[in-house]
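Visitor: In numbering that gives the first Met the number 0, the protein residues as written are 0 to 277.
Even glycine gets a Cβ: it sits at the ideal position worked out from N, Cα and C.
Owing to the predicted nature of the structure, the values given are computational and were not obtained by experimental measurement.
Structure provided below as structure tokens; questions to follow.
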Amino acid sequence: MLLSKRKHIVNLTWYVIIGILLFIVFFPIWWAFLTSIRTPEQIYKAVRLIPEGLYLKNYIELFTIHGFNYYFPNSVIVTAISTLISIVAAFLGAYALSRIRFPGARILSQVVLFAYLVPKTVLFLPLFTVMRELKLVNTLYSLIASYPTFMLPFATWLLLGYFTSIPKELEESALIDGCSRLQLLFRIVLPVALPGIIAATIFSFSMGWKDFLYARVFISAETKKTLPIGTADLIQGDVYLWGHIMAASILTAVPVLIAYGIMQRYVVSGLTAGSVKG
Numbered sequence: 000m001l002l003s004k005r006k007h008i009v010n011l012t013w014y015v016i017i018g019i020l021l022f023i024v025f026f027p028i029w030w031a032f033l034t035s036i037r038t039p040e041q042i043y044k045a046v047r048l049i050p051e052g053l054y055l056k057n058y059i060e061l062f063t064i065h066g067f068n069y070y071f072p073n074s075v076i077v078t079a080i081s082t083l084i085s086i087v088a089a090f091l092g093a094y095a096l097s098r099i100r101f102p103g104a105r106i107l108s109q110v111v112l113f114a115y116l117v118p119k120t121v122l123f124l125p126l127f128t129v130m131r132e133l134k135l136v137n138t139l140y141s142l143i144a145s146y147p148t149f150m151l152p153f154a155t156w157l158l159l160g161y162f163t164s165i166p167k168e169l170e171e172s173a174l175i176d177g178c179s180r181l182q183l184l185f186r187i188v189l190p191v192a193l194p195g196i197i198a199a200t201i202f203s204f205s206m207g208w209k210d211f212l213y214a215r216v217f218i219s220a221e222t223k224k225t226l227p228i229g230t231a232d233l234i235q236g237d238v239y240l241w242g243h244i245m246a247a248s249i250l251t252a253v254p255v256l257i258a259y260g261i262m263q264r265y266v267v268s269g270l271t272a273g274s275v276k277g
């Protein structure tokens, strides 16, 4: 009886802790959503935690006045292409580092980790010089070319740990059965490594989607800006357009939240499998 009561108290404590954590995570999102559907007058009135109405003018004006009809597709194009480039390169690179033995493979693996740890603030000046010489400044190509500098090391590092967890016997059996290395890569390794690839893709996409520094440095043309820059530009001097800012924040966060929600199972399995033997 005493043991059962103690277990009940422990479970109740965990539920309370989880409830508090969920509140901390989701309350700011709910607050931002409520602010985004309020009129300017309602925003500065007494706070209510339930919607008082559905005021969509803030969202409409983002696309009709503030240029989000350019920013949103720009973010999608830049992030999708740079993520695709990074994941393909990371898949091939991580597989080579984990399976093909060559002089310097271990050192190169450590270099990948070091490259991931290098902050973007160190890279943006050299990258800007390169983009200027290539006449890519103020084009989406500058972002597509620069985003893999932080996506690729992370994705390679993540997939490297995942490939290490895949039994080599699986590949050896396929080679004995007559598979070429290329067939082995796409018919055997790719399906098995799919959770890790999905996890790397989602994390890489979110890194590019929220990038502010490179987009601010490389882009000044109004029609080439991305969502983070467009959101920051809603702050006009000492005037804060809170309704529009929160609407832009929700608009920016929703695609990533949906992706994480749909692919959560793959993200968790990709991260945990890569950490067991990596």
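Which full runs of the alpha helix (DSSP H) of 4+ residues lie inside the stretch 99–184, going along the chain?
Guide: 104–116, 119–132, 139–145, 147–163 and 167–175
Visitor: Taking only runs that begin and end inside the stretch 29–57, name each unbroken alpha helix (DSSP H) of 4 or more residues, in chain order.
Guide: The DSSP assignment places complete alpha helix (DSSP H) segments of no fewer than 4 residues inside the stretch 29–57 at 39–42, in order along the chain.
Visitor: Tell me where the alpha helix (DSSP H) around Leu240 begins and ends.
Guide: Premise fails: Leu240 is in no alpha helix (DSSP H) and is neither H nor E.
Visitor: So, under 8 Å CB-CB, Glu60 and His243 are touching, yes? Tell me the CB distance rounded to an integer number of Å.
Guide: 6 Å
Visitor: Could you compute how far the alpha carbon of Arg105 sits from the alpha carbon of Ile261?
Guide: 35 Å
Visitor: In chain order, what residues of the same chain lie with their CB nearer than 7 Å to the CB of Val216, ignoring the 5 residues before and after it?
Guide: Hits under 7 Å: Phe123 and Phe127.
Visitor: Just the C-alpha distance for Ala154 and Tyr213, rounded to the nearest angstrom, thanks.
Guide: 19 Å
Visitor: Considering only residues of the same chain and omitting the five flanking positions on each side of Ser274, which have a CB-CB separation below 6 Å?
Guide: Its pLDDT being 47, under 50, Ser274 is placed unreliably by the model, and nothing is read from it.
Visitor: Cβ of Gly207 within 7 Å of Cβ of Thr78?
Guide: yes
Visitor: If you compare alpha carbons, which of Ala258, Leu250 and Thr222 is closest to Ile28?
Guide: Per the C-alpha coordinates, the member of Ala258, Leu250 and Thr222 positioned closest to Ile28 is Leu250.
Visitor: Rounded to the nearest angstrom, what separates Glu132 and Glu168 at their Cα positions?
Guide: Approximately 49 Å, taken between the alpha carbons.
Visitor: Is Pro147 buried or exposed, if buried means 16 or more other CB atoms sit within 10 Å of its CB?
Guide: buried
Visitor: Tell me whether Val199 is buried or exposed, calling it buried when 16 or more other Cβ atoms sit within 10 Å of its Cβ.
Guide: Checking the sequence shown, residue 199 turns out to be Ala, not Val. So Ala199 counts as buried.
Visitor: Can you name, in chain order, every residue of its own chain whose Cβ lies under 7 Å from the Cβ of Tyr54, other than the five neighbours on each side?
Guide: Within the same chain, Tyr54 has close Cβ partners Ile36, Arg37 and Thr38.
Visitor: Check whether the Cβ atoms of Ala93 and Leu151 lie closer than 7 Å to each other.
Guide: no
Visitor: From Ser141 to Tyr69, what does the alpha carbon distance come to, in whole angstroms?
Guide: 17 Å
Visitor: Does the beta carbon of Val238 fall short of 6 Å from some heavy atom of the ligand ATP?
Guide: Of the ligands one can find in the structure shown there are none, so the ligand ATP has no counterpart to examine.
Visitor: May I have the straight-line CA-CA distance separating Ser164 from Ala192, to the nearest angstrom?
Guide: 10 Å
Visitor: Would you call His65 buried or exposed, if buried means 16 or more other Cβ atoms sit within 10 Å of its Cβ?
Guide: buried
Visitor: For a test of the three-state rule: what should DSSP assign to Met262, helix, strand or coil?
Guide: In the three-state DSSP reduction, Met262 falls in the coil class, being neither helix nor strand.
Visitor: Rounding to the nearest angstrom, what Cα-Cα distance links Phe22 and Gln235 in this structure?
Guide: Distance between the alpha carbons of Phe22 and Gln235 is about 31 Å.
Visitor: Quick check: the Cα distance between Leu33 and Gln41, rounded to an integer number of angstroms?
Guide: 10 Å
Visitor: In chain order, what residues of the same chain have a beta carbon less than 6 Å from the beta carbon of Ser85, not counting five sequence neighbours either side?
Guide: Pro147, Met150, Leu151, Ala154 and Ser203
Visitor: Since Ala285 and Ile201 are thought to touch, with beta carbons under 8 Å apart, how far apart are those beta carbons, to the nearest angstrom?
Guide: Examination of residue 285 is not possible in this model, given that the chain is present from 0 through 277 alone.
Visitor: Using the C-alpha atoms, what's the distance from Ile19 back to Val129?
Guide: 48 Å
Visitor: Select from Ala247, Pro254 and Leu256 the residue whose C-alpha is nearest the C-alpha of Ala31.
Guide: Ala247
Visitor: Which ranges would you report for the alpha helix (DSSP H) in the stretch 61–103 if only whole runs of at least 4 residues count?
Guide: Here the runs fully enclosed are 67–98.
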